[in-house]
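Q: Before I ask anything, let me first share the structure, which is written out below as structure tokens.
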Amino acid sequence: YTARTKLQKVDAEGLLAAATPLRKVLTGAMSGDTQLSFAPKPGEDLARSLRGTLSLRLAEGKFLPISLLGEVGTIAQFLNKKLPAVGNVTPFLGLSGDFNIENGTASTENLRMDLDVGSVQVAGAMNLADQSLNMKLITTLSRQFSEQAGGSRIGGSLSSAVSNAKGELLIPLLLSGSFSRPQLAPDLVTMGKLKLQHALPGLTGSPGSVIDAITGNQQ
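Laid out in structure tokens, this is it:
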């Protein structure tokens, strides 16, 4: 089967539940374009045979399995323990990106999540069938929030965060595990690349250089 679809304000949680085994992962009204094909074998999960492309946009919603800011605060050792409570989910103002899907594995190099205190850029792969994750993230926190969290004095700054020319904190992370049990850890390789860019003013703060650091294109 092959389908080309234009989505307009479709319930993201319902769509994922209908087409994949994913439950309680994403909420919000999804728009976008899909060109997908699937040919499941008898008794096979439909998601394992998915192929094609997906471009999505959500204006507002929640990533349910994890509190990204809470995890970032633990990893980067925010000094200010009186920051607003972040709960157990990640609310976002916008989410957009393009995916290539092959045998149920969706890969992206330009997924972006906009938060009220910054943004998250994501590259890597997610398996829609077994729900496994293998992704790299760079969380960029606004200058105001960074200063509230402790700025360049945060406890983990030497190994897990770097400040750019705008006073924003950049925190590279590795996302593994599964959608039901995601795991975040410092990305030390990308951290080294970001520190090199920080030492070279021509690269610091360039959106392209951040994307290259995530995807491994920056030497």
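Once you know that position 85 of the sequence shown is 80 in the numbering used here, the rest is easy, because the numbers rise by one and skip nothing.
C-beta atoms are modelled at their ideal positions from N, C-alpha and C, and glycine is treated no differently.
Since this is a predicted model, take the numbers as computed values, not measurements.
1) Between Ser44 and Pro37, how many whole angstroms is the CB-CB distance? I'm expecting something under 8 angstroms.
2) With Val67 as the anchor, note down where its alpha helix (DSSP H) starts and where it stops.
3) Applying the criterion that 16 or more other CB atoms from any shown protein chain within 10 Å of the CB defines a buried residue, is Leu153 buried or exposed?
4) So the alpha helix (DSSP H) Leu10 belongs to, where does it begin and stop?
5) Hey, is the region 44 to 56 in contact with the region 82 to 99, meaning 3+ C-beta pairs nearer than 8 angstroms?
6) Across which residues does DSSP place Gln30 in a beta bridge pair?
7) Buried or exposed: which applies to Val115, given that a residue is buried once 16 or more other Cβ atoms fall within 10 Å of its Cβ?
8) Inspect the beta-carbon positions of Glu104 and Thr135 and report whether they are closer than 7 angstroms.
9) Quick one: give me the first and last residue of the beta strand (DSSP E) that Glu104 is part of.
10) How many angstroms separate the CA atom of Met25 from the CA atom of Ala54?
11) Considering only residues of the same chain and omitting the five flanking positions on each side of Pro60, which have a CB-CB separation below 7 angstroms?
A: Per the coordinate set shown:
1) The sequence position of residue 44 within the sequence shown is 49, counting from 1. The sequence position of residue 37 within the sequence shown is 42, counting from 1. Their Cβ separation, rounded to whole angstroms, is 12 angstroms, which puts Ser44 and Pro37 out of contact at 8 angstroms.
2) One-based indexing of the sequence shown puts residue 67 at position 72. Its alpha helix (DSSP H) spans residues 63 to 71.
3) Position 158 of the sequence shown, counted from the start, is the residue given in the question as residue 153. Per-residue confidence for Leu153 stands at a pLDDT of 48, beneath the threshold of 50, marking its modelled position as unreliable; the derived number appears in the next sentence. That one is exposed.
4) Locating residue 10 in the sequence shown gives position 15, where the first residue counts as 1. Note, Leu10: alpha helix (DSSP H), 7 to 14.
5) yes
6) On the sequence shown, position 35 is the one that residue 30 refers to. Answer by DSSP bridge pairing, in chain order: Arg(-1), Thr48.
7) Mapped onto the sequence shown, residue 115 falls at position 120. The residue in question, Val115, is buried, as its Cβ has 16 or more Cβ neighbours within 10 Å.
8) If you number the sequence shown from 1, residue 104 lands on position 109. If you number the sequence shown from 1, residue 135 lands on position 140. Cβ distance not < 7 angstroms, so Glu104 and Thr135 don't count as in contact.
9) The count along the sequence shown starts at 1 and reaches residue 104 at position 109. It spans 100 to 110 - the beta strand (DSSP E) in which Glu104 sits, taken as one unbroken run.
10) Counting from 1 along the sequence shown, the entry for residue 25 is found at position 30. Counting from 1 along the sequence shown, the entry for residue 54 is found at position 59. So the alpha carbons of these two residues sit roughly 8 angstroms apart.
11) Numbered from its first residue, the sequence shown carries residue 60 at position 65. Within the same chain, Pro60 has close Cβ partners Val20, Phe174, Ser175, Pro177.
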